[in-house]
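Enquirer:
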Amino acid sequence: MIRSELLQKLGEGNPELRSEEIEQVVDLFFEEIARQLAEGGRVELRGFGTFSTREREARQGRNPRTGETVEVDAKRVPFFKPGKEMRRLLNED
Amino acid sequence: MRSVGTLTRADLAETVNRKLGFSRSESLDLLEAILEHMCEALKKGENVKISGFGSFVLRDKKERVGRNPKTGVEVPITPRRVLTFRASQLLKDRIAKS
């Protein structure tokens, strides 16, 4: 499923809404999650999962093409942990 | 880093209400519908890709031997399907820079 298919499904379920309105809601939803993560926070969606960030320490990496050693700076990376219900949903049969 | 806490459905619905003008209950219903449609696709075995945000990717794990960390006893871990999230480069960059 891609974003446009999600928009289409939401449109079918909400015929009273204009497609632009649905698009705004979907964009705001993902934008708010992204913004919260960028600010260092978490987003917990019960049943679906939790978005958070984790620290990665600086390390020595290697350019896979040249084999050259490069310093990789410490950074924060996004992290997602599926919720219990989600894990069950995926393994139902 | 300062702690900015945890957002939930209610907080996201509040933002939809404030920024787009839908009622609170309508906002909550719409967010729930987004999650439900994503769950439905994942349940059918489809990955979900949201451009600019990231992809929810399913992986099928084979059976393997695990260990009870408390007792050290080996136990088989049954084959299962797991969900991973691959953030888009855009999201990775935003978070790395912050």
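Respectively, the protein sequence lines represent chains V and L. Be aware that the first sequence starts at 1, since it is given in my numbering, and climbs by one per residue. Be aware that the second sequence starts at 94, since it is given in my numbering, and climbs by one per residue. Yeah, the Cβ is synthetic: ideal placement off N, Cα and C, and Gly gets one too.
Hey, is V/P78's beta-carbon within less than 8 Å of any beta-carbon in chain L?
Expert: For the purposes of this step, residue 78 of chain V is taken as residue 78 along the first sequence, with counting starting at 1. So yes, V/P78 belongs to the interface.
Enquirer: What does a CB cutoff of less than 6 Å around V/Q36 pick up in its chain, not counting 5 residues either side in sequence?
Expert: For this step, residue 36 of chain V is matched to residue 36 along the first sequence. Hits under 6 Å: V43.
Enquirer: If contacts are defined as beta-carbon pairs under 8 Å, then L/T56 and L/E156 qualify, I think. What distance do you get, rounded to the angstrom?
Expert: With chain L running from 94 to 191 in the structure shown, residue 56 of chain L is simply not present.
Enquirer: Let me know if L/M94 comes out buried or exposed under the rule of 16 or more other beta-carbons within 10 Å of its beta-carbon.
Expert: As a working mapping, residue 94 of chain L is identified with position 1 in the second sequence. Any reading at L/M94 must be qualified, since the residue scores a pLDDT of 46, below 50, and its modelled position is unreliable; the value itself is stated next. Answer is exposed; the Cβ neighbour count stays below 16.
Enquirer: Counting along the chain, where does the alpha helix (DSSP H) carrying V/D27 start and finish?
Expert: One-based indexing of the first sequence puts residue 27 of chain V at position 27. Unbroken alpha helix (DSSP H) run through V/D27: 19-38.
Enquirer: Please name the residue, chosen from L/R117, L/G98, L/V97, that lies closest to L/A106 on a Cα-to-Cα basis.
Expert: As a working mapping, residue 106 of chain L is identified with position 13 in the second sequence. Residue L/R117 is the option with its Cα nearest to L/A106.
Enquirer: For V/E71, does the three-state DSSP call read helix, strand or coil?
Expert: On the first sequence, position 71 is the one that residue 71 of chain V refers to. Reduced to three states, the DSSP call for V/E71 is strand.
Enquirer: In terms of residues, what are the limits of the beta strand (DSSP E) holding L/E119?
Expert: For the purposes of this step, residue 119 of chain L is taken as the residue at position 26 of the second sequence. Counting along the chain, L/E119 falls outside any beta strand (DSSP E), though it belongs to the alpha helix (DSSP H) covering 117-136.
Enquirer: Is there a C-beta anywhere in chain V that falls below 8 Å from the one on L/I170?
Expert: In the second sequence, the residue the question calls residue 170 of chain L occupies position 77. Chain V, which has no Cβ nearer than 8 Å to the Cβ of L/I170, makes this no.
Enquirer: Contact check, L/T108 vs V/E32 under 8 Å by CB: the rounded distance?
Expert: The residue you call residue 108 of chain L lines up with position 15 of the second sequence. The residue you call residue 32 of chain V lines up with position 32 of the first sequence. That pair is a contact at about 5 Å.
Enquirer: According to DSSP, simplified to helix, strand and coil, what is V/G83?
Expert: On the first sequence, position 83 is the one that residue 83 of chain V refers to. Residue state, collapsed to three classes: coil.
Enquirer: Among L/M131, L/A134, L/F115, L/L183, whose alpha-carbon lies nearest the alpha-carbon of L/G147?
Expert: Mapped onto the second sequence, residue 147 of chain L falls at position 54. Minimum Cα distance to L/G147 is reached at L/L183.
Enquirer: Using 10 angstroms around the beta-carbon of V/A58, count the other beta-carbons present and answer buried if the total reaches 16, otherwise exposed.
Expert: The residue labelled residue 58 of chain V in the question sits at position 58 within the first sequence. Classification for V/A58: exposed.
Enquirer: Alpha carbon to alpha carbon, what distance is there between V/N91 and L/K136?
Expert: Locating residue 136 of chain L in the second sequence gives position 43, where the first residue counts as 1. Locating residue 91 of chain V in the first sequence gives position 91, where the first residue counts as 1. If I take the Cα positions, the gap works out to 9 Å.
Enquirer: Drop a sphere of 10 angstroms on the beta-carbon of L/S144, count the other beta-carbons inside from all chains shown, and report buried for 16 or more, exposed for fewer.
Expert: On the second sequence, position 51 is the one that residue 144 of chain L refers to. Under this definition L/S144 is an exposed residue.
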